[in-house]
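Input: a single structure, listed below in structure tokens.
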Amino acid sequence: MLMNATIDDVRSPEADTLIAERLSALKTLHQGGTAQALDRFAKPAAAGQKGKRLVLGGLLAALLFAATVLGLALRSEPAPTAAVAGAAAAPVPGTTGEPQVLLNAVGYIEPGRVATVSAQVTGRIVSLSVEQGARVEAGQMLARLDTDLAAADNRIARSEVGAVGSRIAEESARLGAAQAALARIRSVSSDFVTKAAVEERETAVAVSSARLRQLQSEQATAQLRASRSDRQVDMYLVRAPFSGTITDLSASVGEIVSPISAGGGFVRTGIATIADMDSLGVKTEIPEQHLGQISVGHPVRITIPAYPGRSFRGEVGTIKPEVNRDSGTISIWVRLLGHDNVRILPNMRAQVDFLGKR
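As structure tokens, then:
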């Protein structure tokens with residue numbers, strides 16, 4: 431209230447005129463005024479208004495300060511620039527060298543063929559012929575189990591085949607002798623040989639022939655038993671089902687392995703895992719609403735974070751004929767068409783770009 435009273439006391443028509451002149455001069459100075467405007471701003475008040483000039487001087491000083499700050503603020507703002515006449519247009523699919531990407535998906539590298547190899551019989555491992563990461567060929571032996579009992583059974587079966595063979599040889603000789611005796615007696619005149627003697631020789635030949643046929647049948651059975659024994663011995667030798675790479679070697683020498691889980695889970699069922707590195711691909715999933723855009727043989731581009739800046743060709747190999755009810759996605763297997771001897775390993779993360787067909 432004191433300030434307001436003081437200002438009202440000093441206000442007069444002359445003061446109002448002076449303030450108006452100073453404000454006009456400040457505006458002219460801010461807009462790039464001349465020296466005359468500066469002189470107007472600096473023009474002294476009337477001589478008889480000394481007290482009033484002090485108050486007006488303070489007011490004018492405050493106004494000058496505020497105008498100066500405002501002018502600096504306005505000058506510091508960047509001048510508005512004209513709008514760009516035309517922004518860069520997004521590349522139209524098909525107008526550039528890059529094919530159109532219809533859909534992106536993320537998955538993991540998996541081999542098309544992978545198998546966990548186990549023994550066909552229960553036994554103890556006595557030797558391992560491979561190491562993890564080794565390249566193996568189809569039929570190559572990976573491990574050998576203890577074959578002592580199986581080998582002993584095989585020797586017995588083989589000896590039975592030999593024994594039957596000896597009896598066959600003996601019976602064959604007996605049959606030959608009986609046939610020779612029958613031929614001689616038939617060559618003699620009936621006046622010197624009785625009918626009973628001839629019949630005796632014929633009976634001997636028939637009996638020997640029947641015994642020989644029985645022995646031959648026994649021999650065939652013994653050979654089948656021996657072949658089965660050979661197969662059983664071979665079952666103790668664990669071989670690679672196809673050519674590939676040993677990605678995991680889970681068993682050790684001395685462990686008991688079995689084709690089925692036994693012993694409360696303490697008996698190992700798998701010996702090694704083999705993956706066919708020539709059948710690598712990406713297993714991924716896409717939303718079911720995009721199924722109409724994808725088909726078997728659809729071209730894709732595969733990028734792997736382990737090899738930044740590189741991409742690999744691929745195509746859709748299989749589409750699972752079922753939708754995951756929980757996620758609403760469809761599983762897709764993407765075949766990797768070539769990786770130029772780049773070391774790509776299973777379970778690597780990969781991005782799949784489904785490209786538009788040209």
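Whatever position you read off the sequence shown (first residue = 1), add 430 for the working numbering.
Don't be surprised by glycine CBs; every beta carbon is placed ideally from N, CA and C.
Remember, predicted model here, so these are calculated numbers, not experimental data.
Per DSSP, the beta bridge partners of residue 759 are 717.
As a beta-bridge residue in DSSP terms, residue 678 pairs with 703. For residue 612, no beta strand (DSSP E) run applies; the uninterrupted alpha helix (DSSP H) run containing it begins and ends at 578 to 617, by DSSP. Assigned with DSSP and collapsed to three states, residue 568 falls in coil, not helix or strand.
Around residue 535, the same chain offers 714, 716, 782 as residues with beta carbons nearer than 6 Å, after the five sequence neighbours per side are excluded.
Here residue 537 carries a strand assignment [DSSP, helix/strand/coil]. DSSP, reduced to helix, strand and coil, places residue 752 within a strand of the structure shown. By the C-beta density criterion, residue 614 is exposed, having fewer than 16 other C-beta atoms within 10 angstroms. Excluding its 5 nearest sequence neighbours in each direction, residue 763 has C-beta neighbours in its own chain below 7 Å: 711, 713, 747, 748, listed in chain order. Cβ-Cβ separation between residue 580 and residue 668: approximately 14 Å, too far for a contact (criterion under 8 Å). Residue 743 is bridged by DSSP to 731.
Looking at the DSSP output, residue 662 shares a beta bridge with no other residue. Shortest Cα-Cα distance from residue 663 to any of 575, 676, 704, 547 involves 575.
Around the beta carbon of residue 684, fewer than 16 other beta carbons sit within 10 angstroms, so the residue counts as exposed. Residue 645 sits in a helix when the DSSP states are folded into three classes. The DSSP-derived three-state label of residue 560 is coil. Residue 686 places its beta carbon 8 Å or farther from that of residue 547.
Between the alpha carbons of residue 637 and residue 554 lies a gap of roughly 51 Å. Taking a contact as a CB-CB distance under 8 Å, the pair residue 743 and residue 768 counts as one, their CB atoms being some 6 Å apart.
Counted as a single uninterrupted DSSP element, the beta strand (DSSP E) harbouring residue 545 occupies residues 544 to 547. A distance below 8 Å separates the beta carbons of residue 699 and residue 688.
Using a Cβ distance threshold of 8 Å, residue 645 and residue 590 do not count as a contacting pair. For the pair residue 598 and residue 558, the CB atoms are not nearer than the 8 Å cut-off. DSSP places residue 780 inside the beta strand (DSSP E), whose first and last residues are 779 to 785. In the three-state reduction of the DSSP assignment, residue 667 falls in the strand class. Taking residue 739 as the centre and dropping the five residues before and after it, the same chain places no C-beta closer than 6 Å to its C-beta. Taking 8 Å as the upper bound for CB-CB distance, residue 707 and residue 541 are in contact here, some 6 Å apart. DSSP links residue 575 through a beta bridge to 555. Between residue 570 and residue 679, the CB-CB gap reaches or exceeds 8 Å. In the three-state reduction of the DSSP assignment, residue 710 falls in the strand class. By the Cβ-count criterion, residue 612 is buried, with 16 or more other Cβ atoms from all chains shown falling within 10 Å of its own Cβ. The Cβ-Cβ distance between residue 671 and residue 573 does not fall below 8 Å.
By the CB criterion at 8 Å, residue 608 and residue 634 fall inside the cutoff. Cβ contact annotation for residue 566 (same chain, cutoff 8 Å, sequence separation greater than five): 560, 572, 670, 673, 674, 675, 676, 704, in chain order.
Around residue 639, the same chain offers 605 as residues with beta carbons nearer than 7 Å, after the five sequence neighbours per side are excluded.
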